[in-house]
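Peer 1:
2 protein chains.
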Amino acid sequence: MTESKSDIIAQDIAAKIQHQQFKAGELLPSESQLTTLYGTSRETVRKALNQLTALGLIQKIRGKGSIVLNLEKYSFPISGITSFAELNKSLNMHAETKVITLKKMVDLPEFFKEKFPEQKRQPGIYVERLRVVNNEPVVLDCDYLFSPPIDELPKEAAEKSIYDYIENKLKLDISYATKVITVEKIDDKFKKLLQLDDSLAVLVASHNFLNDTTLFQLTLSFHNPSKFKFVDFARRQKIKL
Amino acid sequence: MTESKSDIIAQDIAAKIQHQQFKAGELLPSESQLTTLYGTSRETVRKALNQLTALGLIQKIRGKGSIVLNLEKYSFPISGITSFAELNKSLNMHAETKVITLKKMVDLPEFFKEKFPEQKRQPGIYVERLRVVNNEPVVLDCDYLFSPPIDELPKEAAEKSIYDYIENKLKLDISYATKVITVEKIDDKFKKLLQLDDSLAVLVASHNFLNDTTLFQLTLSFHNPSKFKFVDFARRQKIKL
DNA sequence: TAGTGGTCTAGACCACTCC
DNA sequence: GAGTGGTCTAGACCACTAC
Numbered sequence: 004m005t006e007s008k009s010d011i012i013a014q015d016i017a018a019k020i021q022h023q024q025f026k027a028g029e030l031l032p033s034e035s036q037l038t039t040l041y042g043t044s045r046e047t048v049r050k051a052l053n054q055l056t057a058l059g060l061i062q063k064i065r066g067k068g069s070i071v072l073n074l075e076k077y078s079f080p081i082s083g084i085t086s087f088a089e090l091n092k093s094l095n096m097h098a099e100t101k102v103i104t105l106k107k108m109v110d111l112p113e114f115f116k117e118k119f120p121e122q123k124r125q126p127g128i129y130v131e132r133l134r135v136v137n138n139e140p141v142v143l144d145c146d147y148l149f150s151p152p153i154d155e156l157p158k159e160a161a162e163k164s165i166y167d168y169i170e171n172k173l174k175l176d177i178s179y180a181t182k183v184i185t186v187e188k189i190d191d192k193f194k195k196l197l198q199l200d201d202s203l204a205v206l207v208a209s210h211n212f213l214n215d216t217t218l219f220q221l222t223l224s225f226h227n228p229s230k231f232k233f234v235d236f237a238r239r240q241k242i243k244l
Numbered sequence: 004m005t006e007s008k009s010d011i012i013a014q015d016i017a018a019k020i021q022h023q024q025f026k027a028g029e030l031l032p033s034e035s036q037l038t039t040l041y042g043t044s045r046e047t048v049r050k051a052l053n054q055l056t057a058l059g060l061i062q063k064i065r066g067k068g069s070i071v072l073n074l075e076k077y078s079f080p081i082s083g084i085t086s087f088a089e090l091n092k093s094l095n096m097h098a099e100t101k102v103i104t105l106k107k108m109v110d111l112p113e114f115f116k117e118k119f120p121e122q123k124r125q126p127g128i129y130v131e132r133l134r135v136v137n138n139e140p141v142v143l144d145c146d147y148l149f150s151p152p153i154d155e156l157p158k159e160a161a162e163k164s165i166y167d168y169i170e171n172k173l174k175l176d177i178s179y180a181t182k183v184i185t186v187e188k189i190d191d192k193f194k195k196l197l198q199l200d201d202s203l204a205v206l207v208a209s210h211n212f213l214n215d216t217t218l219f220q221l222t223l224s225f226h227n228p229s230k231f232k233f234v235d236f237a238r239r240q241k242i243k244l
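So the protein lines, in turn, are chains A and B.
Each residue of the first sequence is one higher than the one before, starting from 4 at the first, in the working numbering.
Each residue of the second sequence is one higher than the one before, starting from 4 at the first, in the working numbering.
1. Any Cβ of chain A within less than 8 angstroms of the Cβ of residue 122 (chain B)?
2. Between residue 144 (chain B) and chain A, is the shortest Cβ-Cβ distance under 8 angstroms, so that the two count as touching?
3. Going by DSSP in three states, residue 72 (chain B) sits in which element: helix, strand or coil?
4. Please state the DSSP three-state secondary structure of residue 191 (chain B).
5. Give the straight-line distance between the Cα atoms of residue 27 (chain A) and residue 223 (chain A), rounded to the nearest whole angstrom.
6. Of all Cβ atoms in chain A, is any one closer than 8 angstroms to the Cβ of residue 223 (chain B)?
7. When you compare each of A:48, A:135, A:124, A:123 to residue 102 (chain A) by their alpha carbons, which one comes out closest?
8. Quick check: the segment 8-25 of chain B against the segment 45-59 of chain B, are at least 3 beta-carbon pairs closer than 8 angstroms?
9. For residue 209 (chain B), which residues in the same chain have their Cβ closer than 6 angstroms to its Cβ, ignoring the five residues on either side in sequence?
10. Which stretch, first to last residue, makes up the beta strand (DSSP E) that contains residue 102 (chain A)?
11. Going along the chain, which residues of the segment 224-244 of chain A sit with their C-beta nearer than 8 angstroms to a C-beta in chain B?
12. Starting from residue 146 (chain B) and walking both ways along the beta strand (DSSP E), at which residues does that stretch end?
13. Are any of the Cβ atoms in chain B nearer than 8 angstroms to that of residue 136 (chain A)?
14. Mark residue 138 (chain A) as exposed unless 16 or more other C-beta atoms lie within 10 angstroms of its C-beta, in which case mark it buried.
15. Determine the extent of the alpha helix (DSSP H) in which residue 43 (chain A) is found, giving its start and end residues.
16. Give me, in chain order, the residues of the same chain whose beta-carbon lies closer than 6 angstroms to that of residue 227 (chain A); leave out the 5 immediate sequence neighbours on both sides.
17. At least one CB of chain A closer than 8 angstroms to the CB of residue 216 (chain B): is that the case?
18. Spell out the partners DSSP gives residue 235 (chain B) in its beta bridges.
19. Is there at least one Cβ from chain B nearer than 8 angstroms to residue 178 (chain A)'s Cβ?
20. Which value, in whole angstroms, describes the spacing of the CA atoms of residue 243 (chain A) and residue 225 (chain A)?
21. Applying the 10 Å Cβ sphere with the 16-neighbour rule, what's the burial state of residue 40 (chain B)?
22. Using a Cβ-Cβ cut-off of 8 angstroms (strictly less than) and excluding sequence neighbours within five positions of residue 168 (chain B), which residues of its own chain qualify?
23. Determine, using beta carbons only, whether residue 9 (chain A) and residue 50 (chain A) come nearer to each other than 8 angstroms.
24. Output needed in chain order: residues of the segment 142-170 of chain B with a Cβ under 7 angstroms from some Cβ in chain A.
25. Have a look at A:178, A:191, A:205, A:175 and flag the residue whose alpha-carbon is nearest the alpha-carbon of residue 184 (chain A).
26. Let me confirm a value: residue 121 (chain A) is counted as buried when at least 16 other C-beta atoms fall within 10 Å, else exposed. Which label applies?
27. At which residue ranges does the segment 6-30 of chain A contain complete alpha helix (DSSP H) runs of 4 or more residues, listed in the order of the chain?
28. Which residue wins for smallest C-alpha separation from residue 217 (chain B), given the options B:114, B:203, B:191, B:175?
29. Which residue comes first and which comes last in the beta strand (DSSP E) that contains residue 131 (chain A)?
30. Which partner residues does residue 177 (chain A) have in the DSSP bridge list?
31. So the beta strand (DSSP E) residue 114 (chain A) belongs to, where does it begin and stop?
32. Does residue 48 (chain B) have its Cβ less than 8 angstroms from a Cβ in chain A?
33. Use the C-beta contact count for residue 114 (chain B): other C-beta atoms within 10 angstroms, 16 or more gives buried, fewer gives exposed.
34. Beta-carbon within less than 8 angstroms of residue 214 (chain A)'s beta-carbon, same chain only, minus the 5 sequence neighbours each way: which residues are those?
Structure follows, in C-alpha cells:
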C-alpha cells in the first residue's frame, strides 16, 4: 500500500490548493517546472495533474497552463465513494451516529430483497444507523455486509467508521460502487425515525465492491428530502456508449 | 479535433464490450496482447484501459488481468455531462422535447437569481423545454445560455440538441459541469406542466463550463419525483481533500 | 519564437497471481 | 517461473497561446 510518486504529487498540490497556496483562477507552475520541483519525469507529473483534473480541482488549457478552479463557488463536490465519517471530517460538521440495529442474519432483510431483487440468499451482518447533525436526524443508513468476506463487525466500528474497519482492520480493498438515487415512499418506522411530515424520502441504493469485483456491501440510505443535497462534478465524455 | 490513438482504442474496446464480443465476467486480452493487436505502445493501451476503468466498464486486477464488469446488472451509469438528446439515443427511449419558451433576455430570470445568487447581470438566451416520455411529462429543463459566447439559438437546435449546436455549429468546447441535486417546492406553473399532484420536485441545478473555464450555461431541471432516477458510478478516492 | 500542454514511444523494474 | 498489471523514465514530436 505504498503511495506512488504521482499520488504523492497529486496530494501535495491538492493540499496547496486547499490552503490557498495556489489560488483559484491562477495558474499552477508549468509541467516542466513541476518536473524539476518534484525531481521526477514529466509523465509522472502529468498523471498527478490528470487526477486533479478528474476531481475538478484544476482545468488544463493547452498553450496556457493549468488553472486552479474555484470549488467553493459552485459547491464542493465530494464524490467518489466517501463514507459518512470521512465526510464528517472533511466538512467539520457536528455530527453523530446512532447505531439502531446490529445483528448477524442468514439472509437479506425483506425490504432489501425488494430493492435488490437480483440478490441471492447469503448470510451477512445487518446494520441500521441514524445520522444526526445539529440534533436533527438527516439520514438513515441501512447496510448489509456479506459474510464472507465480513464475518464480524464490532459495535465501535459501526459507530465510528465501517470503511475504516474494513480497510484497516480487515485489510480489504474497497474499490468502486454503483449508486441509484430515487424518491420513494417509506414505511412508518423509518418515517418516525427521520421525523418526517411526509412519507417521501430520497433513497440512495448502492452496490459496493472490492478490488477483485466481490460485492461486499449493499446500502439503502433514506434521506430527509429537505436536508438532502448531492453534489457532482462531471466531465464531458469522449467515449460514446 | 482528431482522435488520439488511446481514445480510438478505448472506443473500440467499449464497443466490443457493448456488443458482447467481450463478455461480462471475462478477461480482456492482456495489455501486451492489446499492444500488438493495436500496434502501439503499452502506455497507450494503458491510457485507453484507464478510461474504461473510470467509466466502470472494466476492473483491472494486478497479476490477473482486466475483467469486464456487468453494467446492466446494477444499472447503466451514464454520467459525465450527457445531454437529453444523447441519452435518448443511447437508451432508445421514445421521447420528445416541447419547446415552451425561447427568448433573448438582458438578465437572468428571477428564479434563476434565487438559485444562483452569485451570478451577475448578463444578457443571454432563456429556453424552457418539457421532456415527454411515453406521453408523460418527465422533466422541465430551464436553460440560460450566456451571450457571449452564445448569441443565437435556432428553434430547431432547442428542439433537437443544444449541445450538438454548441459543439458542432459554434465549435465551442464543452468541458465540465457541477451539479447539485436537491428536493424543492415548485410553483404552480411548473407543477401544472409536469402534472404533479404534489408541489415537490427534484431539482438538478448545474453550472456548465467550456474548456477555457468560461461559464456558458446555467440549467435548472425540475424532475417529476416519481420518474426521477440518477445513476452514478464512483471509484474510491485515493486523494483526500 | 518561446513556452505551454497533448500524445506517443521503448524500455525498465516492481508486485502480484497462478501453476 | 511465466504472465499479469503498476509505476516510472527520458526523449521525441505536435498543437496551441502569447508576444
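Ideal Cβ positions, reconstructed from N, Cα and C, are used throughout, including at glycine.
Peer 2: Once the coordinates are examined:
1. No, no contact with chain A.
2. Under the Cβ distance rule, residue 144 (chain B) does not count among the residues neighbouring chain A, no pair being separated by less than 8 angstroms.
3. Per DSSP, reduced to three states, the secondary structure at residue 72 (chain B) is coil, with no helix or strand assignment.
4. The answer is helix: DSSP assigns residue 191 (chain B) an H, G or I state.
5. Spanning the two alpha carbons is a distance of roughly 37 angstroms.
6. Taking Cβ atoms only, chain A never reaches closer than 8 angstroms to residue 223 (chain B), which makes this a no.
7. Of all alpha-carbon atoms in A:48, A:135, A:124, A:123, the one lying nearest the alpha-carbon of residue 102 (chain A) is that of A:135.
8. Enough Cβ pairs lie closer than 8 angstroms, so yes.
9. Listed in chain order, the non-local C-beta contacts of residue 209 (chain B) below 6 angstroms within the same chain comprise 180, 182, 222, local neighbours out to five positions each way being set aside.
10. 98-108 is the extent of the beta strand (DSSP E) around residue 102 (chain A).
11. Result list: 228, 229, 231, 232, 233, 234, 235, 236, 237, 238, 239, 240, 241, 242, 243, 244.
12. Bounds of the beta strand (DSSP E) holding residue 146 (chain B) are 139-149.
13. No, its Cβ sits nowhere closer than 8 angstroms to a Cβ of chain B.
14. Under this definition residue 138 (chain A) is an exposed residue.
15. From DSSP, residue 43 (chain A) is part of no alpha helix (DSSP H); its letter is neither H nor E.
16. Contacts found: 141, 197.
17. Cβ-Cβ to chain A under 8 angstroms: yes for residue 216 (chain B).
18. Partner(s): A:182.
19. So, interface residue.
20. Approximately 33 angstroms between the Cα atoms of the pair.
21. Residue 40 (chain B) comes out exposed.
22. Non-local beta-carbon contacts of residue 168 (chain B) in its own chain, meaning distances under 8 angstroms to residues more than five positions away in sequence, involve 156, 157, 160 in chain order.
23. Contact flag set, yes.
24. For the segment 142-170 of chain B, no residue has a beta-carbon sitting nearer than 7 angstroms to a beta-carbon of chain A.
25. Cα-wise, what sits closest to residue 184 (chain A) is A:205.
26. Answer is exposed; the Cβ neighbour count stays below 16.
27. Positions of the alpha helix (DSSP H) runs, each at least 4 residues long and wholly inside the segment 6-30 of chain A, are given as 8-21 in order along the chain.
28. In this structure, B:175 is the residue among B:114, B:203, B:191, B:175 with its C-alpha nearest to the C-alpha of residue 217 (chain B).
29. Looking at the DSSP string, the run of the beta strand (DSSP E) that includes residue 131 (chain A) is 127-136.
30. DSSP output for residue 177 (chain A) lists A:213 as bridge partner(s).
31. Unbroken run through residue 114 (chain A) is the alpha helix (DSSP H), 113-118; no beta strand (DSSP E).
32. No - not a single Cβ of chain A is within 8 angstroms of the one on residue 48 (chain B).
33. It is exposed - the Cβ of residue 114 (chain B) has fewer than 16 other Cβ atoms within 10 Å.
34. Excluding five sequence positions before and after residue 214 (chain A), the CB atoms of its chain that fall closer than 8 angstroms to its own CB belong to 176, 177, 178, given in chain order.
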